[in-house]
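The structure appears below as C-alpha cells.
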C-alpha cells in the first residue's frame, strides 16, 4: 500500500487492517498523532485524510491506500510556523501537549474551509470531538479564533524560548569576556 | 524577578505545536516488546494456583513474570515516611481489587501478549468483597487486610487526631448544633496519555527507564527497592508527562516492565489501554465526612466535631498522608477555637486510591464550604457575612496551632462579593485581616489568639492539649 | 499467529458489484464501512475477522431521487446526511462529532449491534418513521424489505446497499442528551406524519430502535394519550448509559414533546 504523508510518498507494509494510527506511529515513525483511547473518543489521533480531519485510530490503512495524509510534522516549514501552530503557541493553548496534535489538525481543516473569522459556536462544534484534560479549553478556543483571523506572528525565531532580557547572562565559549 | 508579570513563551511550547515533544510512547528502541497483564477479575479472591507454562510456550512470548519473580515484592510507597509496606507488586496469595495485576507478559506484539495472558491458567476462590467504608470496620477478623479494616499506624492511634480547646464546653454553650454529611466521590484522573513506561536493558547491566512518572526520583527508589538494586544501576529518563494530575506518582508500570526487560533481555514497553486507565489505574479517593458545628445565634462557630473516613481502596499507598493534610485543613479558612477531629483510613476491595490535585484538601474544603452554607442557612445569616466574621485573621491559630501571619480569607471574600455584585452590611464591608480586637475578639476566641508578633515556635497559649 | 488479525483476508471493494460478490452469503465476513464501531473491536482483540470487506470505496455512497422516494447509499456518511430529509437530518447532525460523522455511514449505523456502554444506532428511529425500505444483498440474493423487518431479523448476513425513504408531510424528534465532551443522545423519539398516518419510533431505550404502534394508535387521542402507551412496545434496558427506570420516566415525556412539535408542523 502507499500513503503520501506530508507530501512524501511512503510505502506501507503493515497488514491491511492495521489502523492508520498504528501504521503512522509504528511503521513510519510519524509520532505526532497520539494513542489516547484507540476507540475514537478523544481526538488525539486526528490527522487529515485528503484534507478531511479523521480519527486515524478508527481507519484501517487499507481504506486509505493512496490517500494524502497530513500530520503536524508537515505543518509550517523550517523558518515559519503555520498560522495555526503560531496561534496555539502564542495563546498558551497547550499544557502537557498530548492532545495538541489532534487539535492542530482539526483546526487546520477548520481554518482551511472557513473564510476569515469563525464564530465561537462553530469552533466548539468543529472541535467537539477533542478532549483536553489540562487547559479547560478557553485558551484553545482563543487560539483557534486568532488563527482563523490570521492574527498571529508566525516568525519562528520570535517564538524562541531562549534567555530573556538583559539579566540573562549568556557566556559563549571562545568569545571575549 | 523580571519574569514575574512578563509574558514568556512556554519552554515546551514550540515542541508541542510542532509535534516534536517526545512522550514515552514516542521513543523508538529497536526490538521493543509489548506488555499485557493478567488482572484479577474479582474484587476479592484467594489465589489457589497459577500456571504460566502455556503462556511461555507461545511463539513470540519472551517473558512472563509473577510474584515469585520479584526480589522484594511487598514495598511501601511511603516507607521512608513511616507508612509500612502492605502492597505486593504482583499479587501472590490473594487479590484484593478488580484489576489487580497478577502476572505480566512481554511479547512481540500486543496481540501475542494478550493471547499469552489468556493462556495463563489460574485458580481463584472468590470471596465476599468489602466495598463500603462505613461498614468495613465492623467486618472484624473477616477483613481482608492484614492490618484489619482500619489503617493502624498514626503513631499510637488508628486515626489522625486533632484536639484543641474544650469541645464539650463549646457544644454546651452553643445556641444551635448544625450537622452535615458530605461524600465526595472517586474521580478518575483520565490524562490523555495513559500510564506507560519503556525499559531498556543496557549492555553494562544497567536499565534505562523511560517513564511518564510525575516523580522521577521517587519512582527510581521504588523500582530499586522492588528489584533490590542499588540506585546507580538505574537511569530514569522522563519529565515529559501527558497529564498526570497526581495519578502518575504510583510507579504503575516501571517495575513490572523492568522485571520483564531483565528476563527477556529485550526492551519492554507497557502502555495502558484507555480501558485499563479507567478501570485499573488509581483514582482520587472517595471520602465520608461528618461535621457538627456548635454555633451561636449571632454567627460565631464555637467548635467543630469532625469524623472523616477515607477510602484507601485495597492498599495504603499515600492515603495516610492525604488524610493528614485533610486534618490540617478541616477548619478551612476560618478560626474555630475548639476542635475534635478524628480521621480514619479504611481499606476496601476497590482500586487503591492516590493523590489528585489538592490531595486530601479538596475533599475537606468542599465539605467545609458546604457546611458553612448550611450554618448560614439555618442561622438565617448572609453566607458571606458568616465567613467574614469567622475568617482567619493575623494572629489567629489553626487547628494544629500554626499562627497566621497573612491569611487571605477576608480580602478574598470581599473581592468575591464585589465580583458577584453582592451587598454586604457596612460593618462587614469594612473588615480586614488585622488582628482581632473589640467585637471581633469575643471571650471564646481569646485563648487561641497568639500573642502579638509571636510565631509557632514561641507560642504557648492556654490551649495546652485540649479534649 | 493463528487467527491473528494480521492474517485476515481483506478485500477493498471498488464497486457495488464487487462488494456483493465478496460478501457472498455473509458467513464469516466482517463489513467495515466507516469503521467507527468495528475498528475498536478489532483493535482491542474483541473481534477477529477472518475476512474483512472494506466498502468505503465501493461506490455505495450518494443520495438520489427515484420515483418519489429518496434513495440513500449505505456508504453515505452521516456528514452528508446532516441536511437530509427530517427527522433523519436531525438525528445525523447529533451523532458524535464532526470527524466521526465524516467517516461513519448510514449502513453502519443501521446495522450497529446494541451497545451496553455507548449509544448506537441513532438513525434507526428516523428510518422507522420514514417508512424506510432496506435493499440488501446476502444469502438468497438481493431483497428489499421494510426497515422494521430488517431490524427484527437482524443485520447479520446482509450487506446493506441502500435505504430509500419517503418524504413525510411533517416530522419531529425529541431527545435527551448527555452533556459531555461531545454530547451524545441517550434516548430519542422520532415522529412523522405521511398520508394521514402518524408513525412513532424510539431509539436508545432497548437493544434496537422500535416502532411503537400502541403510541401511534393512541395518538389520535392526543400527545398525552400516546405518551402513556409507548412503554407497551418498548423493552427498556439497564446499561452504563441510563437505568431502565430513568428511561421509563423520560420516554413518555419525549413522546409528548415530539407529537406536540409534529402537530405544529415542525420539520
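Residue numbers (my numbering), protein chains in the order written: chain F, 50 to 226; chain P, 22 to 488; chain D, 845 to 1111.
Quick reminder that beta carbons are idealized off the backbone N, C-alpha and C, glycines included.
As the structure is a computational prediction, the values presented were derived from the model and not from experiment.
Item, Value
"Where DSSP assigns a beta bridge to residue 122 of chain P, which residues make up the other side?", "P/60"
"Which class does residue 1004 of chain D belong to by DSSP, given the choice of helix, strand or coil?", "strand"
"Determine, for residue 883 of chain D, whether the minimum Cβ-Cβ distance to residues of chain F falls below 7 Å.", "yes"
"Kindly indicate which three-state DSSP category residue 1093 of chain D falls into: helix, strand or coil?", "helix"
"Could you please give the first and the last residue of the uninterrupted alpha helix (DSSP H) stretch that includes residue 103 of chain F?", "Note, residue 103 of chain F: premise wrong, no alpha helix (DSSP H); beta strand (DSSP E) at 101 to 104."
"Return the first residue and the last residue of the alpha helix (DSSP H) that residue 284 of chain P is part of.", "275 to 285"
"Cβ of residue 399 of chain P within 7 Å of Cβ of residue 195 of chain P?", "no"
"Could you check where the alpha helix (DSSP H) with residue 386 of chain P kicks off and where it finishes?", "382 to 400"
"Please report whether the beta-carbon of residue 60 of chain F lies at a distance below 7 Å from any beta-carbon of chain P.", "no"
"Do we get a CB-CB distance below 7 Å when we pair residue 87 of chain F with the residues of chain D?", "yes"
"Which residues, in order along the segment 250 to 278 of chain P, keep a beta-carbon less than 9 Å from a beta-carbon of chain F?", "261, 262, 263, 264, 265 and 266"
"Let me know the secondary structure DSSP gives residue 89 of chain P once reduced to three states.", "helix"
"Compare the C-beta of residue 43 of chain P against all C-beta atoms of chain D and say whether one is closer than 7 Å.", "no"
"Can you list, in chain order, the residues of its chain with a C-beta nearer than 6 Å to that of residue 151 of chain F? Leave out the 5 residues immediately preceding and following it.", "92, 93, 95 and 179"
"Assign residue 977 of chain D to one of three DSSP states: helix, strand, or coil.", "strand"
"Output the boundary residues of the alpha helix (DSSP H) element that contains residue 189 of chain P.", "188 to 194"
"Beta-carbon within less than 7 Å of residue 1100 of chain D's beta-carbon, same chain only, minus the 5 sequence neighbours each way: which residues are those?", "1067, 1068 and 1071"
"Alpha carbon to alpha carbon, what distance is there between residue 919 of chain D and residue 989 of chain D?", "18 Å"
"Hey, is residue 233 of chain P's beta-carbon within less than 7 Å of any beta-carbon in chain F?", "no"
"Report the rounded CA-to-CA distance for residue 1017 of chain D versus residue 65 of chain F, giving the unit in angstroms.", "40 Å"
"Checking contacts by CB at 7 Å: is residue 173 of chain F closer than that to chain D?", "no"
"I'd like the span of the beta strand (DSSP E) that includes residue 65 of chain P, first residue to last.", "Element bounds for residue 65 of chain P: n/a, residue is neither H nor E."
"Could you tell me the boundaries of the alpha helix (DSSP H) in which residue 75 of chain P lies?", "74 to 78"
"Would you mind telling me which residues of chain F sit closer than 7 Å to residue 850 of chain D, beta carbon to beta carbon, in chain order?", "64"
"Which residues of chain D have a Cβ atom closer than 9 Å to the Cβ of residue 26 of chain P, listed in chain order?", "Result: empty, since nearest Cβ-Cβ is about 34 Å, beyond 9 Å."
"Starting from residue 889 of chain D, find everything on chain P with Cβ-Cβ shorter than 7 Å and list it in chain order.", "132 and 135"
"Taking only beta carbons into account, state which residues of the segment 291 to 313 of chain P come closer than 8 Å to chain D, listed in chain order.", "294 and 296"
"For a quick check, are the C-beta atoms of residue 943 of chain D and residue 82 of chain F less than 7 Å apart?", "no"
"Going by the DSSP bridge assignment, what does residue 509 of chain P pair with across the sheet?", "Outside the displayed range of chain P (22 to 488) lies residue 509 of chain P, so it cannot be described from this structure."
"Would a C-beta distance cut-off of 7 Å place residue 151 of chain P and residue 370 of chain P closer than the cut-off?", "yes"
"At a CB-CB cut-off below 7 Å, which residues of chain P make contact with residue 143 of chain F?", "34, 37 and 38"
"Tell me which residues share the same chain as residue 220 of chain P and place their Cβ nearer than 6 Å to its Cβ, disregarding the 5 neighbours each side in the sequence.", "228, 230, 278, 279, 282 and 289"
"Leaving aside the five residues before and after residue 1050 of chain D along the sequence, list all residues of the same chain whose C-beta is less than 7 Å from its C-beta, in chain order.", "1078, 1079, 1080 and 1081"
"Considering only their Cβ atoms, is the gap separating residue 181 of chain P from residue 267 of chain P smaller than 7 Å?", "no"
"Between the segment 945 to 963 of chain D and the segment 180 to 191 of chain F, do three or more beta carbon pairs fall short of 8 Å?", "no"
"Counting Cβ pairs, one atom from each stretch, are 3 or more of them under 8 Å apart for the segment 305 to 319 of chain P and the segment 134 to 145 of chain P?", "no"
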